[in-house]
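Shown next, in structure tokens, is the structure this report addresses.
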Amino acid sequence: MGSARGARGRLRHGRRATIAAKLPRLRQPPGRCGGTSDGADPPSGQRQIQVGGARVVRRQGFPMSPVVLLCGPIALPGVAAAGGYEACNSRTIEALRLRGLTVHELRFPQPQGGAWAKLSGYLRGFLRLSRQLNRTPGEIFHLTGLYKHFALPELLLLRLARRRGLRTIYDIRAGSMHRHYARLGPLYRWLFRKVLLSADQVMVEGVDYQPFVQQVTGRPAFYLPNHIKATGMPARQADQADATLRMIYVGRITVEKGVETALQTAQLLQQRGLACQIAIAGNGPAALMQRLRAAYPQAEWLGSLQSDAVLTQLGRSQWFLFPTRHSGEGHSNALTEAMAMGCVPVATDNGFNRSVIGDAGLVLPLAAEAAQYADAIEAAWNAGSWSTLSQRAAARTKELYSTEQAIARLHTAYVDLMKAPV
Numbered sequence: 001m002g003s004a005r006g007a008r009g010r011l012r013h014g015r016r017a018t019i020a021a022k023l024p025r026l027r028q029p030p031g032r033c034g035g036t037s038d039g040a041d042p043p044s045g046q047r048q049i050q051v052g053g054a055r056v057v058r059r060q061g062f063p064m065s066p067v068v069l070l071c072g073p074i075a076l077p078g079v080a081a082a083g084g085y086e087a088c089n090s091r092t093i094e095a096l097r098l099r100g101l102t103v104h105e106l107r108f109p110q111p112q113g114g115a116w117a118k119l120s121g122y123l124r125g126f127l128r129l130s131r132q133l134n135r136t137p138g139e140i141f142h143l144t145g146l147y148k149h150f151a152l153p154e155l156l157l158l159r160l161a162r163r164r165g166l167r168t169i170y171d172i173r174a175g176s177m178h179r180h181y182a183r184l185g186p187l188y189r190w191l192f193r194k195v196l197l198s199a200d201q202v203m204v205e206g207v208d209y210q211p212f213v214q215q216v217t218g219r220p221a222f223y224l225p226n227h228i229k230a231t232g233m234p235a236r237q238a239d240q241a242d243a244t245l246r247m248i249y250v251g252r253i254t255v256e257k258g259v260e261t262a263l264q265t266a267q268l269l270q271q272r273g274l275a276c277q278i279a280i281a282g283n284g285p286a287a288l289m290q291r292l293r294a295a296y297p298q299a300e301w302l303g304s305l306q307s308d309a310v311l312t313q314l315g316r317s318q319w320f321l322f323p324t325r326h327s328g329e330g331h332s333n334a335l336t337e338a339m340a341m342g343c344v345p346v347a348t349d350n351g352f353n354r355s356v357i358g359d360a361g362l363v364l365p366l367a368a369e370a371a372q373y374a375d376a377i378e379a380a381w382n383a384g385s386w387s388t389l390s391q392r393a394a395a396r397t398k399e400l401y402s403t404e405q406a407i408a409r410l411h412t413a414y415v416d417l418m419k420a421p422v
């Protein structure tokens, strides 16, 4: 007892203390964060450790499981994820909880309305986030940042977390980091470097970012790709023996995502006498959807599908067309799902497509038109190489992009971060 009082006295006089001692003393309701508040002994096979003011139960024989505050774009309960950020964060949170970790969700604000309404909404939203960060018990603050005009509030959140004594992670998602860094001027470059240097660990969605992070921080970046649960996948229903070649596009229906290039590719192959069809899964602006449906009536328009239905459709298709020219392209959810199902990708050299696909698909120049897509697909199909590419795609996803291995690595990274010197 006396030594504990002495430790608190030394802390009041400005001496450095351990991470756990620096966390705020929080009054916890019973069972919060897996801990106990009634002084009872933990069940057999478990032990208690002190996390700030809370006693947290750890299961013996399992890796230490830090309490994580995951912050960023996160879908509301019962609401479908809007975009890749929300979808990947939701999968990560669910998988971490299945491994026994306590994860608290700190959602980025998503204000609606005009410019002033959004500005006011973001200001109120980030103030709310800072209050949540101050009062939520935890050990690791994992921020999946949006950078660009969010760089300043993200820097402030990281510094607030460090003042609380939390270990901090800045997780760079999407594929627009280099473009913003080059385009937004010296003040933004200075600010973004401060963001990276304020994190104990920087994580990246694409290996393409690793050299930049190493150069700025002097530390290696942790590679956390987009991921998909590899177990329990539906069986494939299409192969090269089928009489009809089936292609599919999955995602937002926009011009910049290249959906019309995909439709034109199918049209050209049909004109060349190849028995083929194309399915389009997703929705977009009403005017664009109306124009495309009228121009390409031979396409199968599936609309927006739930995840299980998307996987089934990918299993019925041999080729996944992804001619995206979107400037912020990163590691696409749909690309990962297609590869997991052995649906061979044919994609632009954009975002992280090339490094994700590797030798398990076809990667074409960013400016490639429908004729080049048709040529590439026809040549690979006639050469009989589809089966090999399909097997490579499924194996590559299981090895590199499965939720099982990605989350196991992330869990280990959390534990290593807690062990690292302050």
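Counting from 1, one number per residue, gives the positions in the sequence shown under full-length UniProt numbering. All C-beta atoms in this analysis are idealised placements derived from N, C-alpha and C, irrespective of residue type, glycine included.
Just the C-alpha distance for residue 292 and residue 180, rounded to the nearest angstrom, thanks. For this step, residue 292 is matched to residue 292 along the sequence shown. For this step, residue 180 is matched to residue 180 along the sequence shown. Distance between residue 292 and residue 180, taken at the CA atoms: about 32 Å.
Here's the rule I'm using: 16 or more other beta-carbon atoms within 10 Å means buried, otherwise exposed. How should residue 47 be labelled? Residue mapping note: residue 47 aligns to position 47 of the sequence shown, counting from 1. Reliability of the predicted coordinates at residue 47 is poor, the pLDDT of 43 falling under 50, and the value obtained from them is presented with this limitation in mind. It is exposed - the Cβ of residue 47 has fewer than 16 other Cβ atoms within 10 Å.
Check for me: the beta strand (DSSP E) holding residue 348 runs from which residue to which? Within the sequence shown, the letter at position 348 stands for residue 348. Residue 348 -> beta strand (DSSP E) spans 344–348.
Here's the rule: buried if 16 or more other CB atoms are within 10 angstroms of the residue's CB, otherwise exposed. What is residue 422? As a first step, residue 422 must be located in the sequence shown, where it is residue number 422. Answer is exposed; the Cβ neighbour count stays below 16.
Sub-8 Å separation of residue 102 and residue 230 beta-carbons: Within the sequence shown, residue 102 is the residue found at index 102, counting from 1. Within the sequence shown, residue 230 is the residue found at index 230, counting from 1. Their beta carbons are not under 8 Å apart, which means residue 102 does not touch residue 230 by this criterion.
Assuming residue 422 is part of the alpha helix (DSSP H), what are its boundary residues? Along the sequence shown, one-based indexing puts residue 422 at 422. Per DSSP, residue 422 belongs to no alpha helix (DSSP H) and is neither H nor E.
Please name the residue in 120, 143, 166, 226 whose C-alpha comes closest to that of residue 105. Walking along the sequence shown from the start, residue 105 turns up at place 105. Nearest option by C-alpha distance: 143.
Is any non-hydrogen atom of the ligand FAD found closer than 7 Å to the C-beta of residue 95, if you look at the structure I gave you? The model on display carries no ligand, and the ligand FAD is accordingly not part of it.
Just to confirm the assignment: which complete alpha helix (DSSP H) runs, minimum length 4, are found wholly within the region 228–260? none
First through last residue of the beta strand (DSSP E) which encompasses residue 277: As a first step, residue 277 must be located in the sequence shown, where it is residue number 277. Segment 276–281, the beta strand (DSSP E) holding residue 277.
Residue 218: buried (16+ other C-beta within 10 angstroms of its C-beta) or exposed? As a position in the sequence shown, residue 218 is number 218, starting the count at 1. Under this definition residue 218 is an exposed residue.
So with Cβ pairs under 8 Å, would you call residue 384 a contact of chain B? The structure shown has no chain B; it contains just one protein chain.
If residue 233 sits next to residue 311, beta carbons under 8 Å apart, how far is it from one beta carbon to the other, in whole angstroms? Here residue 233 refers to the residue found at position 233 of the sequence shown. Here residue 311 refers to the residue found at position 311 of the sequence shown. With a beta-carbon spacing of about 6 Å, residue 233 and residue 311 fall inside the 8 Å limit used to define contacts.
Looking at the unbroken alpha helix (DSSP H) that takes in residue 293, where does it start and where does it end? Counting from one through the sequence shown, the residue named residue 293 turns up at place 293. First-last of the alpha helix (DSSP H) with residue 293: 286–295.
Considering only C-alpha positions, which residue in the set 411, 417, 416 is nearest to residue 98? On the sequence shown, position 98 is the one that residue 98 refers to. Out of 411, 417, 416, 411 has the C-alpha closest to the C-alpha of residue 98.
When you compare each of 338, 319, 295, 297 to residue 309 by their alpha carbons, which one comes out closest? The residue you call residue 309 lines up with position 309 of the sequence shown. Per the Cα distances, 338.
In whole angstroms, what is the alpha-carbon distance linking residue 52 and residue 204? Stepping through the sequence shown from its first residue, residue 52 is reached at position 52. Stepping through the sequence shown from its first residue, residue 204 is reached at position 204. The pLDDT assigned to residue 52 is 35, lower than 50, so where the model puts this residue is not dependable; a value taken from the coordinates is nonetheless given after this. Using only the alpha carbons, I get a separation of about 29 Å.
Which stretch, first to last residue, makes up the alpha helix (DSSP H) that contains residue 357? Within the sequence shown, numbered from 1, the residue matching residue 357 stands at position 357. Element bounds for residue 357: 353–357.
Whether residue 360 touches residue 393 by CB criterion (8 Å): Start at 1 with the first residue of the sequence shown, and residue 360 comes out as number 360. Start at 1 with the first residue of the sequence shown, and residue 393 comes out as number 393. Yes, Cβ-Cβ distance for residue 360 and residue 393 is below 8 Å.
Run through DSSP, which three-state label would residue 201 get? Counted from its first residue, the sequence shown places residue 201 at position 201. Here residue 201 sits in strand by DSSP.
Once the 5 residues before and after residue 238 are set aside, which same chain residues still bring their CB inside 8 Å of it? Taking the first residue of the sequence shown as position 1, residue 238 is located at position 238. Contacts found: 246, 315, 316, 317, 318.
Alpha carbon to alpha carbon, how far is residue 120 from residue 108? As a first step, residue 120 is located in the sequence shown; it is residue number 120 there, counting from the start. As a first step, residue 108 is located in the sequence shown; it is residue number 108 there, counting from the start. Using only the alpha carbons, I get a separation of about 14 Å.
Suppose contacts are defined by Cβ-Cβ distances below 8 Å. Is residue 206 in contact with residue 175 by that definition? Translated into positions along the sequence shown, residue 206 becomes position 206. Translated into positions along the sequence shown, residue 175 becomes position 175. Cβ atoms of residue 206 and residue 175: closer than 8 Å.
Is it true that the CB of residue 140 sits closer than 8 Å to the CB of residue 373? Taking the first residue of the sequence shown as position 1, residue 373 is located at position 373. Taking the first residue of the sequence shown as position 1, residue 140 is located at position 140. Not closer than 8 Å, so no.
Using three-state DSSP, classify residue 302 as helix, strand or coil. Position 302 of the sequence shown, counted from the start, is the residue given in the question as residue 302. Of the three classes helix, strand and coil, the one that applies to residue 302 here is strand, per DSSP.
Using a Cβ-Cβ cut-off of 7 Å (strictly less than) and excluding sequence neighbours within five positions of residue 381, which residues of its own chain qualify? The residue given as residue 381 occupies position 381 in the sequence shown. 245, listed in sequence order.
Within 8 Å, strictly: CB atoms of residue 266 and residue 299: Residue 266 sits at position 266 when you count from the first residue of the sequence shown. Residue 299 sits at position 299 when you count from the first residue of the sequence shown. Contact flag set, yes.
Is the beta carbon of residue 323 less than 8 Å from the beta carbon of residue 397? The count along the sequence shown starts at 1 and reaches residue 323 at position 323. The count along the sequence shown starts at 1 and reaches residue 397 at position 397. Cβ atoms of residue 323 and residue 397: not closer than 8 Å.
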